[in-house]
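Taken in order, these protein sequences are the chains called A and B. Each residue of the first sequence is one higher than the one before, starting from 2 at the first, in the working numbering. Each residue of the second sequence is one higher than the one before, starting from 2 at the first, in the working numbering. For glycine and all other residues, C-beta sits at the position ideal for the given N, C-alpha and C. Input: a single structure, listed below in structure tokens.
There are 2 protein chains.
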Amino acid sequence: MVLSVGDETGRIEERIELATRSPQETMPEMLEFFRAKGISALGIGSFGPLDLDKSSKTYGSITSTPKLRWRDYPLLSALQKGLSVPALIDTDVNAAALGEASFGAAKGLSGCVYVTIGTGVGGGVLAEGKLLHGMLHPELGHIPLRPLEVDAMPDGICPYHKGCLEGLASGPAIEKRFGIKPALLPQGHEAWELEAEYLSQMCVTIVLMLSPQKIILGGGVMHKSGLIEKVREKTVSALGGYIRRPEILENIADYIVPPLLGDNSGAVGALILAARALKESEEYK
Amino acid sequence: MVLSVGDETGRIEERIELATRSPQETMPEMLEFFRAKGISALGIGSFGPLDLDKSSKTYGSITSTPKLRWRDYPLLSALQKGLSVPALIDTDVNAAALGEASFGAAKGLSGCVYVTIGTGVGGGVLAEGKLLHGMLHPELGHIPLRPLEVDAMPDGICPYHKGCLEGLASGPAIEKRFGIKPALLPQGHEAWELEAEYLSQMCVTIVLMLSPQKIILGGGVMHKSGLIEKVREKTVSALGGYIRRPEILENIADYIVPPLLGDNSGAVGALILAARALKESEEYK
């Protein structure tokens with residue numbers, strides 16, 4: 002859990018990290034930290050899935066997470082009650098998309114997709130200026146991919162889906178397939194060719210389904226030198242000239258990009274959510 | 002080309018169809034029809050791809066269509082000039098999504114996806130109350146699918162992409178694979194099992210990427226009795242219980258649905274675009 006204090010310009014004054022233990026252990030630590038800061042509003046970017054339906058009785062709760070101790074935990078209401086400040090919640094990746102669209106790689110754009118490829122794969126979406134929720138919120142880490150014939154583990158490791166993105170391309174999937182942590186696999190290893198292929202399938206589907214103005218790829222796996230270049234190349238190739246836009250045909254290096262805010266995309270997005278929560282509360286006064 | 006006259010309540014007073022020949026032949030026919038009606042505004046739902054970037058010099062033009070005589074044709078400006086009324090343009094499938102969300106199967110919802118499966122496959126998207134454009138607009142007919150081993154034509158027929166949705170699941174793809182028009186293939190034929198499989202892969206990806214409140218499946222191929230039921234069943238099965246929403250787990254027959262406006266989804270959406278064009282023009286006065 003990353004806790005930050007800052008302002009609506011995206012400036013972070015203080016930042017600490019806490020281990021995600023149980024609500025009983027972690028919530029008092031979080032409340033204590035923020036109480037000492039005298040914050041005026043709170044923005045939350047949380048792992049999910051989350052209930053983001055404002056008309057729902059369980060609005061702001063974590064729902065069917067594999068982190069069993071947090072399942073059905075009313076995160077928003079517990080923090081609101083504990084801190085007595087206006088608060089807004091969204092997914093961690095939606096917050097990151099908002100942060101990057103406000104002060105980062107997608108600054109000024111009305112649409113972007115932020116994907117983190119790490120211990121899992123998750124994506125946040127800003128579409129026509131709004132964070133996309135819909136029925137639930139995007140869960141694009143689980144889209145079906147087309148496994149390659151050379152892949153020794155074509156079903157992947159996801160307990161829910163055979164051959165989904167997260168099951169094939171997350172950090173743990175790479176480690177399971179090759180028996181070594183991704184960070185230790187050298188740049189020329191076949192693992193990276195396979196990884197780039199799967200991430201390019203994802204980018205192709207993002208372009209064709211969501212048509213964002215920018216695709217931002219973050220998370221630990223993307224730290225591998227040379228990977229994003231391969232993803233760009235394979236994405237352009239797989240689109241086959243069908244999408245005749247300069248972003249794709251002429252300037253892909255400025256279309257599929259790393260986050261500009263580094264590890265703070267989500268924290269900055271959460272600050273903006275906090276500012277919105279404050280504004281909404283003032284409008285209701 | 003379908004030409005309709007109606008009002009902002011979605012009521013269609015008159016409807017005719019013209020063959021899509023060349024702009025030189027078809028445009029005068031269209032202009033003549035509308036001039037005689039005394040319309041006060043025009044809404045256009047066009048085949049694409051379209052340039053929908055309002056800051057672009059070619060805003061409202063058809064771009065890289067396979068209908069070569071219409072390539073780079075400035076459809077919006079030609080109609081605006083010829084009729085001297087306020088006009089708005091969007092894709093045919095975005096117009097259909099708007100029509101269904103206003104007066105059809107997705108009435109009152111802030112998000113839906115409308116997919117037509119016919120001579121091609123195209124999709125329109127309403128997200129958080131807005132028609133999705135982004136960089137271009139969704140072109141979801143070309144997402145990569147995972148071809149089945151039993152498919153004798155796993156690469157499909159799309160000239161741009163091996164194994165994309167349109168290449169595998171459009172009407173012409175079915176006809177090429179089985180040598181007979183889809184309408185003549187009986188209900189129990191293996192073609193429909195395969196078709197439902199591919200359309201369910203599409204629905205799964207739509208749920209995970211766009212998270213709409215409703216998926217509407219239209220177009221000639223969907224007229225086959227029993228097909229939509231199979232698509233629903235395979236979609237729920239492939240999602241594997243991961244998306245724990247009542248729409249998916251309890252009421253899929255009310256989530257993946259046929260259009261309520263039949264063949265008029267796009268025409269009704271175009272009427273709403275016309276009303277918006279009129280309103281915008283009055284605001285600028």
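Asked, Found
"Coarse secondary structure for isoleucine 253 (chain B), derived from DSSP in three states", "helix"
"DSSP three-state assignment for aspartate 264 (chain A), whether helix, strand or coil", "helix"
"Endpoints, alpha helix (DSSP H) assigned at tyrosine 199 (chain A)", "191-211"
"Euclidean distance between Cα positions of leucine 32 (chain B) and isoleucine 207 (chain A)", "38 angstroms"
"Residue span of the beta strand (DSSP E) that contains glycine 221 (chain B), given as start and end", "Segment: none, glycine 221 (chain B) is in no beta strand (DSSP E) and carries neither H nor E."
"Counted within 10 angstroms of its Cβ, other Cβ atoms place alanine 20 (chain A) as buried (16 or more) or exposed", "exposed"
"Residue from B:Lys68, B:Asp73, B:Pro67 whose Cα sits closest to the Cα of lysine 58 (chain B)", "B:Asp73"
"Inter-residue CB distance, serine 212 (chain B) and methionine 203 (chain A) (contact presumed, cutoff 8 angstroms)", "About 16 angstroms separates the two Cβ atoms, so there is no contact after all."
"One or two residues paired with isoleucine 244 (chain B) in a DSSP bridge", "For isoleucine 244 (chain B), which the question treats as bridged, DSSP gives no partner whatsoever."
"Chain B contact for alanine 210 (chain A) (CB, 8 angstroms cutoff)", "According to the sequence provided, residue 210 (chain A) is methionine. The question's alanine does not apply to it. True, the Cβ-Cβ gap to chain B drops below 8 angstroms."
"Range covered by the beta strand (DSSP E) that runs through leucine 169 (chain A)", "Careful: leucine 169 (chain A) lies outside any beta strand (DSSP E), inside the alpha helix (DSSP H) at 166-170."
"Residue span of the beta strand (DSSP E) that contains serine 78 (chain A), given as start and end", "No beta strand (DSSP E) contains serine 78 (chain A), which is instead part of the alpha helix (DSSP H) from 76-84."
"Cβ of lysine 131 (chain A) within 8 angstroms of any chain B Cβ", "yes"
"Continuous beta strand (DSSP E) assignments of at least 3 residues falling wholly in the stretch 63-142 of chain B", "88-92, 113-118, 122-128"
"Contact set between leucine 141 (chain A) and chain B, taken where Cβ atoms lie within less than 8 angstroms", "Leu209, Met210"
"Where the alpha helix (DSSP H) containing glutamate 30 (chain B) begins and where it ends", "24-36"
"7 angstroms Cβ cut-off: residues of chain B touching methionine 136 (chain A)", "Ser212, Pro213, Gln214, Arg246, Glu248"
"Option in B:Pro183, B:Ile249, B:Val126 with minimal Cα separation from histidine 138 (chain B)", "B:Val126"
"Rounded straight-line distance, which links the Cα of serine 23 (chain B) to that of arginine 70 (chain B)", "6 angstroms"
"Close-in-space but distant-in-sequence residues of the same chain around glutamate 129 (chain A) (CB under 7 angstroms, 5 per side omitted)", "Ser111, Gly112"
"Residue burial classification, proline 160 (chain B) (beta-carbon count within 10 angstroms, cutoff 16)", "exposed"
"8 angstroms Cβ cutoff, alanine 128 (chain A) in contact with chain B", "yes"
"Per-residue DSSP class, three states only, for glycine 270 (chain B)", "helix"
"Contact list for the stretch 52-84 of chain B against chain A, Cβ threshold 8 angstroms", "Thr64, Ser65"
"CB contact flag (glycine 299 (chain A), valine 94 (chain A), <8 angstroms)", "Chain A is shown from 2 up to 286; residue 299 (chain A) falls before or after that span and cannot be answered."
"Cross-strand partners of glycine 1 (chain B) (DSSP beta bridge)", "Since the first and last residues shown for chain B are 2 and 286, residue 1 (chain B) lies out of range."
"CB contact below 8 angstroms: arginine 147 (chain B) versus chain A", "yes"
"Per DSSP, the bridge partner or partners of valine 258 (chain B)", "B:Ile217"
"Cβ of tyrosine 370 (chain A) within 8 angstroms of any chain B Cβ", "A query on residue 370 (chain A) cannot be resolved here, the shown segment of chain A reaching from 2 to 286 and no further."
"Span of the beta strand (DSSP E), counted from its first residue to its last, around leucine 43 (chain A)", "43-47"
"Within chain A, the residues that alanine 120 (chain B) reaches when beta carbons sit closer than 9 angstroms", "The identity of residue 120 (chain B) in the sequence shown is threonine, whereas the question assumes alanine. Here the premise fails: no neighbours, minimum Cβ distance about 17 angstroms."
"DSSP beta-bridge partners of proline 145 (chain B)", "B:Cys165"
"The stretch 76-96 of chain A / the stretch 226-242 of chain A touching (three or more Cβ pairs under 8 angstroms)", "no"
"Presumed contact (8 angstroms Cβ cut-off) between proline 247 (chain A) and alanine 106 (chain A), rounded CB distance", "Actually they are not in contact, since the Cβ atoms of proline 247 (chain A) and alanine 106 (chain A) sit about 17 angstroms apart, beyond 8 angstroms."
"8 angstroms CB neighbourhood of valine 205 (chain B) in its chain, flanking five on each side removed", "Thr236, Ala239, Leu240"
"Cα-Cα separation, isoleucine 257 (chain A) to proline 155 (chain A)", "26 angstroms"
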